[in-house]
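According to our numbering, the residues represented by the sequence shown are 2 to 214, in order. In this text, a Cβ means the ideal position worked out from N, Cα and C, and glycines have one as well. A quick write-up on the structure given underneath.
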Amino acid sequence: MEKANALSERIVNRLEQHRHDLAEKQQQLDSKMKEMLKQRERLATIAMRTLETVILPRMEELARHFDNAKVSVLQTDTDFSCVCEFLHTARFPAIVRLVIALLPSNNEAFTARYDLNILPVLMEYNRNVENIFPVEDSEKVLAAWVEDRILDFIDTYLRLESHPFYQKDNTVIDIVCGMRIPVTSATSSVERHGRIFYFCSEHCKDAFLKGNS
């Protein structure tokens, strides 16, 4: 009986120790999660402020130069994004979505991400670029990176204006020189007998008018 009581006491002690260990681990986990969530909230606040002060103004400046552009800000649990969407037009016959986003991490750094989608996909282009920036004291460097990405985007977007695959339904022939040009690139046009003639330069137009005067 005495041995049984001793064993029972040892079992109770072992179970108590286990409960104590679990409680201690839970306390450590709670403390860790509290600190992690606090850190996440701090980084989210910095990310949103950086998006609003560094990225958004530059994307709005980009949109200001295109009548078919619209800028918006999106926030999810994992990233903070500035989106510039471009509607399909005769000059730029594609639906385009440019996103520059900040993805906070847990190591005092942001991943800045550039994503470009052009529909339909009729040419090769650079779709994604990423770079890592420290949370503190990186606004100037980030701003320069964002501006470089915007200029890269403009170079890509302007290709739509003359790309043969995108402009195949908008191409006309200058009757004077025989050059095929996008109708939106024609410098002028003349109507004769219900037909419109487009010209790549004023010289071609003048030659046409001279020959049809």
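Distance CB(residue i)-CB(residue j) smaller than 7 Å
| i | j | result |
| --- | --- | --- |
| L123 | F166 | yes |
| I182 | C201 | yes |
| I47 | C83 | no |
| V184 | V173 | yes |
| F23 | P105 | Note that residue 23 is Leu in the sequence shown, not Phe. No. |
| R114 | E131 | yes |
Given residue i as reference, the closest of the options once Cα atoms are compared
| i | options | result |
| --- | --- | --- |
| H66 | E86, Y115, G195, N171 | E86 |
| E61 | R181, E148, V130, A187 | E148 |
| T90 | V74, T79, L103, A70 | A70 |
Terminal residues of the alpha helix (DSSP H) in which residue i lies
| i | result |
| --- | --- |
| P226 | Beyond the ends of the chain as shown, which are 2 and 214, falls residue 226; an answer cannot be given. |
Span of the beta strand (DSSP E), counted from its first residue to its last, around residue i
| i | result |
| --- | --- |
| R59 | Premise fails: R59 lies in the alpha helix (DSSP H), 57-65, not in any beta strand (DSSP E). |
| V72 | 70-76 |
| Y115 | 110-120 |
| F87 | 81-87 |
| F134 | 129-135 |
Cβ-Cβ separation, residue j to residue i (assumed contact under 8 Å), whole Å
| i | j | result |
| --- | --- | --- |
| L120 | F154 | L120 to F154, Cβ: 15 Å. No contact. |
| F134 | A110 | 7 Å |
Subject >> Entirely enclosed alpha helix (DSSP H) segments - the segment 144-206, minimum 4 residues >> reply: none
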